[in-house]
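Be aware that the sequence shown starts at 1, since it is given in the UniProt record's numbering, and climbs by one per residue. To keep things clear, I will list the structure first and then write my remarks on it.
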Amino acid sequence: MTYSDVYESWKTDPEGWWMEQAKSIHWERFPSRALFDENAPLYEWFSDGLTNTCYNALDRHVENGRGEQKALIYDSPVTGTKTSFTFAEMTERTARFAGALARQGIGKGDRVIIYMPMVPEAMIAMLACTRIGAIHSVVFGGFAANELATRIDDAAPKAIIAGSCGIEPGRIVAYKPLLDGAIEMAAHKPDFCVILQRSQGTADLVEGRDHEWEAFQEGAEPADCLPVEGNHPVYVLYTSGTTGQPKGVVRHTGGHLVALHWTMKNVYDVEPGEVFWAASDVGWVVGHSYIVYGPLVHGNTSVMFEGKPVGTPDAGTFWRVIDEHDVRSFFTAPTAFRAIKREDPKAEALEGYDISRLRALYLAGERADPDTIEWAQRVMGVPVYDHWWQTESGFPMIGNPAGIEALPVKIGSPTVALPGFDIRILGEDGREMETGALGAIAIKLPLPPGTLPTLWNAEGRFRKAYLERFPGYYETGDAGYVDKDNYLWIMARTDDVINVAGHRLSTGLMEEVLSDHPDVAECAVIGAADALKGQLPIGLVCLTKGVNKAHETVARECVAMVRDRIGPVAAFKTVLVVDRLPKTRSGKILRATMVKLADGETVKAPATIDDPAILDEIREALAKAGHPASGG
């Protein structure tokens, strides 16, 4: 079947189509129907089925003869550790840890916060929770104590599982003092904590509350898998809210399993038994979906990588992992490849590594600029597929369905809507825009299985944040357009569409132009307040390693390129050359934070920022250029 056949098959009978996909996973009791719409516009899927996430990820593969296949490859250049675990070994370790949790009173519906680095124990802890029906909430290791405290108060966990420390290039990040501080701040107190002591930085344990990882499990009986309803939450994952209060995205068990299983072959083009690698972190949705659950449920071997694209030890570390572990499908953020390209523009570090068995590179997390895609295609010799999704969706909404039919790549577009997603481009009045016109990207309800049904203990916030602006649709918060071939183009967050003297302009389009400059490694364009024109664009660019050209010259050339390709209407006059851009730990550029700096607002470093010190550097660069602007 072609992509068009599959998409049309879904659109003609969405519920029948999803019921067919549901047969791919194991159910203790198969659901009576797919969609439960009694509480519309809050929809649920497979609600009356009974299944278990851990059983689908581990036990069933052992029972079906895959017990000796590798389930997990752990590759940690920051500690010099490489090891692997079979499905049988992961099942045994997970059942034992789940039994220890159950012995301490953790059961169905109880919340468990997991605050760990990229180590196998993080995956074991997640799976162990799902084994006994507990709801996990993974918080990125190293998050500030006050941010962790807000999540403790919102999730009200019975237990917290943490690592003693995380390891960054050149430094150890002590997690335990942050955890202790968070518990001190939080109104809610957990019953107990389990601490994985790492040799790089051990922690003091609080007597009566804290248990060491191994000692906690001594004498515990392995726990069996507890079947739960299809609408039982498998996890709550917090994403930053605009009010400063984090939003707890809920994921239901049944739809999560069905949707992720479908994507592994149809989007990422892997067969069971092959190695899949998502270079992300279990603290983010990518880590949940494509380090832990998607690959294991589908029967793939997953790579867990504790390192960085550069500096652990060099710009060749990704090539080494792909070669050494026979990775067939690879997923990371565009910022990782921009870092590699900046450090090693000629890809000299690739020499000596064989990545010929890799089928494709998948990019997501933020817009993939054409220059980075073209560079990756050239040096890797494989297709590079941009694809688009969110924490809220849990899996790709727009992508190239390479496992069904590899569609032609249009660089700059994540390709087409995937089955389950009826995507529309809407104007501010809620009407559909014509082909090629920029508007808000919205998805006709109901959203498919595996997407968020609501926010944790915050149905009102869920409705207000996603459903109110365009009744009958889910508002994505992104802006873009659809072309004559039904390819979608994601141009910016809705907030990043700037209004220059009445003209709505995409900062993403300007970034595309800047990234074409041969000396620019990465860039961002923001809209700063202007008394005369409403907003004016400012470009911030980082140069490729080894470029010695005068910054004024690069800035002048960049301005000329934007004026040439977009026109004087953009009023593009300011480019600042900076050493680095502020980013989250997952690699997203913090554009909204830079806008506040440019506008002279008080800025609190976001909880997700990789290095808060960079904000002072950006503030100084903006001040030298006259921002905050006085107007004119």
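Where is the CB? At the ideal position from N, CA and C, for every residue including glycine.
Rounded to whole angstroms, how far is the Cβ of residue i from the Cβ of residue j, which I believe are closer than 8 Å?
{"i": "residue 162", "j": "residue 137", "result": "The pair is not a contact, with the Cβ atoms about 13 Å apart (cut-off 8 Å)."}
{"i": "residue 236", "j": "residue 249", "result": "7 Å"}
{"i": "residue 120", "j": "residue 141", "result": "Incorrect: roughly 14 Å between the Cβ atoms, too far for contact."}
{"i": "residue 581", "j": "residue 41", "result": "In fact, because the Cβ distance is near 38 Å, the residues do not count as touching under 8 Å."}
{"i": "residue 98", "j": "residue 66", "result": "Going by Cβ atoms, the distance from residue 98 to residue 66 rounds to 20 Å, so no, they are not a contact pair."}
{"i": "residue 401", "j": "residue 266", "result": "6 Å"}
{"i": "residue 526", "j": "residue 478", "result": "With a Cβ gap of about 17 Å, residue 526 and residue 478 do not count as contacting."}
{"i": "residue 74", "j": "residue 304", "result": "5 Å"}
{"i": "residue 467", "j": "residue 392", "result": "Between residue 392 and residue 467 the Cβ distance is about 12 Å, and since that is not below 8 Å, they are no contact."}
{"i": "residue 192", "j": "residue 209", "result": "6 Å"}
{"i": "residue 176", "j": "residue 195", "result": "7 Å"}
{"i": "residue 297", "j": "residue 499", "result": "Incorrect: roughly 45 Å between the Cβ atoms, too far for contact."}
{"i": "residue 279", "j": "residue 310", "result": "With a Cβ gap of about 12 Å, residue 279 and residue 310 do not count as contacting."}
Give a yes or no on whether the C-beta atoms belonging to residue i and residue j are separated by under 8 Å.
{"i": "residue 178", "j": "residue 144", "result": "yes"}
{"i": "residue 45", "j": "residue 255", "result": "yes"}
{"i": "residue 28", "j": "residue 50", "result": "yes"}
{"i": "residue 542", "j": "residue 529", "result": "no"}
{"i": "residue 251", "j": "residue 394", "result": "yes"}
{"i": "residue 418", "j": "residue 481", "result": "no"}
{"i": "residue 610", "j": "residue 516", "result": "no"}
{"i": "residue 124", "j": "residue 151", "result": "no"}
{"i": "residue 497", "j": "residue 562", "result": "no"}
{"i": "residue 88", "j": "residue 302", "result": "no"}
{"i": "residue 329", "j": "residue 378", "result": "no"}
{"i": "residue 410", "j": "residue 487", "result": "yes"}
{"i": "residue 34", "j": "residue 63", "result": "no"}
{"i": "residue 215", "j": "residue 164", "result": "no"}
{"i": "residue 24", "j": "residue 229", "result": "no"}
{"i": "residue 334", "j": "residue 77", "result": "no"}
{"i": "residue 426", "j": "residue 462", "result": "no"}
{"i": "residue 619", "j": "residue 597", "result": "yes"}
Could one say the Cβ of residue i lies closer than 8 Å to chain B's Cβ atoms, at least one of them?
{"i": "residue 106", "result": "Given the protein chain composition of this structure (a single chain), no chain B is represented."}
For residue i, which residues does DSSP report across the bridge?
{"i": "residue 339", "result": "Residue 339 is not bridged to any residue."}
{"i": "residue 192", "result": "159"}
{"i": "residue 252", "result": "233"}
{"i": "residue 74", "result": "83, 304"}
{"i": "residue 535", "result": "529"}
{"i": "residue 66", "result": "DSSP lists no partner for residue 66."}
{"i": "residue 201", "result": "198"}
{"i": "residue 111", "result": "135"}
{"i": "residue 542", "result": "522"}
{"i": "residue 278", "result": "331"}
{"i": "residue 386", "result": "363"}
{"i": "residue 583", "result": "589"}
{"i": "residue 44", "result": "36"}
{"i": "residue 609", "result": "584"}
{"i": "residue 399", "result": "416"}
{"i": "residue 353", "result": "Residue 353 pairs with nothing; no bridge assigned."}
{"i": "residue 29", "result": "50"}
{"i": "residue 634", "result": "Only positions 1 to 632 of the chain appear in this structure, which leaves residue 634 out of reach."}
From which residue to which residue does the beta strand (DSSP E) around residue i run?
{"i": "residue 491", "result": "488-493"}
{"i": "residue 439", "result": "439-444"}
{"i": "residue 476", "result": "473-482"}
{"i": "residue 166", "result": "165-168"}
{"i": "residue 551", "result": "That residue, residue 551, is in no beta strand (DSSP E); its alpha helix (DSSP H) goes 551-565."}
{"i": "residue 211", "result": "210-212"}
{"i": "residue 363", "result": "360-363"}
{"i": "residue 467", "result": "Per DSSP, residue 467 belongs to no beta strand (DSSP E) and is neither H nor E."}
{"i": "residue 574", "result": "574-577"}
How far does the alpha helix (DSSP H) with residue i in it extend, from its first residue to its last?
{"i": "residue 179", "result": "176-185"}
{"i": "residue 317", "result": "317-325"}
{"i": "residue 429", "result": "From DSSP, residue 429 is part of no alpha helix (DSSP H); its letter is neither H nor E."}
{"i": "residue 7", "result": "3-12"}
{"i": "residue 498", "result": "Taken as a continuous stretch (DSSP letters only), residue 498 belongs to no alpha helix (DSSP H), being part of the beta strand (DSSP E) at 497-500."}
{"i": "residue 509", "result": "507-515"}
{"i": "residue 119", "result": "Segment: none, residue 119 is in no alpha helix (DSSP H) and carries neither H nor E."}
{"i": "residue 622", "result": "614-624"}
{"i": "residue 373", "result": "370-380"}
Exercise. On the three-pair Cβ rule with 8 Å, is the stretch 260-273 touching the stretch 318-326?
Worked result: no
Exercise. Is the number of C-beta pairs between the stretch 343-350 and the stretch 284-293 that are closer than 8 Å three or more?
Worked result: Too few Cβ pairs lie closer than 8 Å, so no.
Exercise. If we count Cβ pairs, one from each stretch, closer than 8 Å, do we get three or more for the stretch 91-98 versus the stretch 211-224?
Worked result: yes
Exercise. Touch check for the stretch 585-603 and the stretch 371-389: three-plus C-beta pairs under 8 Å?
Worked result: no
Exercise. Would you call the stretch 571-579 and the stretch 539-558 touching, i.e. three or more CB-CB distances under 8 Å?
Worked result: yes
For this session: Assess, as a yes-or-no matter, whether the stretch 446-463 is touched by the stretch 361-368 under the definition of 3 or more beta carbon pairs within less than 8 Å.
Result: As far as the Cβ criterion goes, the stretch 361-368 does not touch the stretch 446-463, which means the pair count is below three.
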